[in-house]
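Heads up, the thing below is written out as structure tokens.
Residue numbers (the numbering used here), protein chains in the order written: chain H, 1 to 349; chain W, 1 to 427.
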């Protein structure tokens, strides 16, 4: 019997973490200021407690150390955690809705965040609290508010209907987008700002942002991970899941709230980055199979890998000019995914 | 009292009422099911069978009344506890993802695995055992979606067996399968019942399958228990008619000595019959022999006429038909010529009938008296209809005597039709 065992999950996670670490070193070395891979490795190692005593930093350029520690690393880690959040939310929504089209924004998170961010960018000036921009706070409020509204509409007699959820999500998204455009008409001067935010990007990354967002995402992603066996069984249908002992309605509600929250946090710091949350779970399903116990952790790490690679490309291919990372994820991610789809010729859903 | 329950009843339902969208689906059901019983629930669509299964597996709640499993109120049990007690075998399962067979079966262990833990050794051995019992080990690593219908059903059964529950609820698990699979699966359930003492409660599509294997049966009609007991006491022509509204013949299977039910088909199986409303007051007597009367009797009985038949020999197909339909008939001992006594009885029927029908019976010296009776019917001014599908010369085994009499009957005013259905035009 080939089954998903703890050993198999750990093996996959280990391999992917290894890839991620190598990518972090590569990404930290690439950029406008040329820093060699060897120096990058030394600088990174010097930040690791316990290891720093053995590394001689005196030979290294102090400016390089600042570039890596204050500019590149926060952006690298923020992209990893945003990617992780998007992919994790994508796995949960696809599993919950049994729908390959589901992505982290499927029930209106993106439209809500965009409206919130627009209001923040257009009407409110000044810096928010704790170093987080008001835009991020407004985006978060918009995303969560929309989710709550969609959820309340879809809930009838204590049960959540998936179809109603998707439909009301689509309908409400259309309305919120219309309001966003409406605001933009009257604030023509701010259109560029709004569009750049909506296209998504990590240009304003900082450790301040990371310190607030990363623990939140980590806690939410880890807690959700304990419901993956339930998610497997819910894919057999609500009724069958109850017969097999799953508290279906409760688990569905928890998963909805968690995934929406995860997506909302990611969107609020990075804008709307498309396709990572949709495609990463599909790619991993081709590699590790459909079992959520292994699909979820591997997709989360892979989401980090995908967004880190995309963001590194976004800030380097047209140096010194930057491209919004959402454009990279779509232009490179989609053909890659289609290639996998054609090559495997497998039924992935 | 409590101890009695533990020995005797594994499920106890009291005053169960359930409504769905202001529609009362179940009306005040009360019944007990003994530990280790094999029970089947029968009833037409919408009788509440599936609702009952859904209530017992906690898929539906918000009922009034009380459902106890093993002496415990199901309301106070969590979904995991219920899944350890009651496993459901559904008709289909449609996984949203492409899981392997072993992954599917392991899902049956959900209620035993802690949220924060992994599958334990006992879970793997339970899955292995379930695979052995259902012979699914050979394709454990194949994808569920790639299996045949019968293989899929075995996986669904294995998933339920992995729950390791004392009660199995079968929700029409075999109704979409071929007869050989139905028998195979019934044997699995029977062996679980006999060898492991599992209580099995099944909804079966096939009444005979249910009768053959159940210790007790429950007939449900419009959300009420019509009858609950051993098959011999509750299955009858009347009870099936009242619950299902269809006419059946209830007989005994000569091999198993169990009851069997077979539907009596009254629709137009003989080709397009003229759409004529029957005159219910007409009494029709049909001359039988060699199965020739059966289609006529069946057609007329289905249309509501009061039909009788005679004289027919025991062991003749026409006797079976008459028995199945429950009509009056005159018999003679097997392979014996018609006695004067039988002929007189037959004439009594003819005298009290309005119409006499002579289908394409083969005539020998033994049943020649039947033809004489038809002649008598003509003389009595009864309406006589002769079905002349096959030429009398080919049916005459009396050196022409039957043929002569036949022609005489026709000449003396009998109506001649060319097919069974045409008789409806003359009634």
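C-beta: ideal position from N, C-alpha, C; glycine also.
Query, Result
"Measuring CB to CB, does residue 312 of chain W end up less than 8 Å from residue 355 of chain W?", "no"
"Starting from residue 155 of chain W, find everything on chain C with Cβ-Cβ shorter than 8 Å and list it in chain order.", "Reference to chain C is not applicable here, since the protein chains of this structure are H and W."
"Which residue from W/405, W/44, W/411, W/222 puts its Cα closest to that of residue 24 of chain W?", "W/222"
"If you draw a straight line from the C-alpha of residue 3 of chain W to the C-alpha of residue 161 of chain W, how long is it?", "Per-residue confidence for residue 3 of chain W stands at a pLDDT of 40, beneath the threshold of 50, marking its modelled position as unreliable; no derived number is given."
"What does DSSP give as the partner residue(s) for residue 47 of chain W in the beta ladder?", "According to DSSP, residue 47 of chain W bridges with nothing at all."
"Note down, in chain order, all residues in the stretch 233 to 266 of chain H with a beta-carbon under 7 Å from any beta-carbon belonging to chain W.", "233, 235, 236, 237, 239, 240, 242, 243, 244, 245, 246, 247"
"Chain W beta carbons: is any one of them nearer than 8 Å to that of residue 103 of chain H?", "no"
"Would you mind telling me which residues of chain H sit closer than 9 Å to residue 286 of chain W, beta carbon to beta carbon, in chain order?", "Chain H residues near residue 286 of chain W: none, gap ~53 Å exceeds 9 Å."
"Check the C-beta distance from residue 150 of chain H over to residue 169 of chain H and give it rounded, since I have them as a contact under 8 Å.", "5 Å"
"Please identify the residue among H/37, H/202, H/219 whose C-alpha is closest to the C-alpha of residue 324 of chain H.", "H/202"
"Using 8 Å as the threshold, is the stretch 175 to 195 of chain H in touch with the stretch 259 to 278 of chain H, meaning 3 or more CB pairs across them?", "no"
"Nearest-angstrom Cα distance between residue 55 of chain H and residue 27 of chain H?", "21 Å"
"Measure the alpha-carbon distance for residue 219 of chain W versus residue 206 of chain W and round it to whole angstroms.", "13 Å"
"Excluding the 5 residues flanking residue 173 of chain W on each side, which residues of the same chain have their C-beta closer than 8 Å to its C-beta?", "89, 90, 91, 153, 156, 157, 185, 202"
"If we ignore side chains and look at the alpha-carbon of each, how far apart do residue 51 of chain H and residue 294 of chain H end up?", "32 Å"
"Closer than 8 Å, CB to CB, is residue 93 of chain H near chain W or not?", "no"
"With a threshold of 8 Å between beta carbons, is residue 8 of chain H in contact with chain W?", "no"
"Any C-beta of chain W within less than 9 Å: which residues of the stretch 213 to 229 of chain H qualify?", "226, 227, 229"
"Between which two residues does the alpha helix (DSSP H) carrying residue 398 of chain W extend?", "No alpha helix (DSSP H) contains residue 398 of chain W, which DSSP labels as neither H nor E."
"When you compare the CB positions of residue 236 of chain H and residue 83 of chain W, do they come within less than 8 Å of one another, or not?", "no"
"From H/62, H/81, H/107, pick the residue whose C-alpha is nearest to that of residue 145 of chain H; which is it?", "H/107"
"Which of the three DSSP states is assigned to residue 7 of chain H in this structure?", "helix"
"Please confirm whether residue 176 of chain W has its beta-carbon closer than 8 Å to some beta-carbon of chain H.", "no"
"Could you round the C-beta distance between residue 144 of chain W and residue 101 of chain W to whole angstroms and report it? I think they count as a contact, below 8 Å.", "6 Å"
"Applying the 10 Å Cβ sphere with the 16-neighbour rule, what's the burial state of residue 329 of chain H?", "buried"
"Would residue 1 of chain H pass as an interface residue toward chain W - the criterion being a Cβ-Cβ separation below 8 Å?", "Confidence at residue 1 of chain H is low in this model, with a pLDDT of 49, below 50, so the placement of that residue is unreliable and no value is reported for it."
"Of all the beta strand (DSSP E) runs that stay within the bounds of the stretch 71 to 126 of chain W, which reach a length of 3 or more residues?", "86 to 89"
"Please classify residue 271 of chain W as buried or exposed, where buried requires at least 16 neighbouring CB atoms within 10 angstroms.", "Any answer about residue 271 of chain W is weak, because its pLDDT of 48 lies below 50 and its placement is not dependable; what the coordinates show is given next. Per the 10 Å Cβ criterion, exposed."
"Output the distance between the C-alpha atoms of residue 93 of chain W and residue 240 of chain H, rounded to the nearest integer angstrom.", "8 Å"
"Residue 226 of chain H and residue 116 of chain W: beta carbons closer than 8 Å?", "yes"
"Check whether the Cβ atoms of residue 382 of chain W and residue 350 of chain W lie closer than 8 Å to each other.", "yes"
"Output yes if chain H places a C-beta closer than 8 Å to the C-beta of residue 359 of chain W; else output no.", "no"
"Following the continuous beta strand (DSSP E) through residue 263 of chain W, name the residue where it begins and the one where it ends.", "259 to 263"
"Tell me residue 249 of chain W's beta-bridge partners as DSSP assigns them.", "W/262"
"Thinking C-beta only, is residue 303 of chain H closer than 8 Å to residue 88 of chain H?", "yes"
"Using a Cβ-based criterion (distance less than 7 Å to any ligand heavy atom), does residue 207 of chain H qualify as near the ligand FAD?", "In the structure shown, the ligand FAD is absent, as is every other ligand, since no ligand is present at all."
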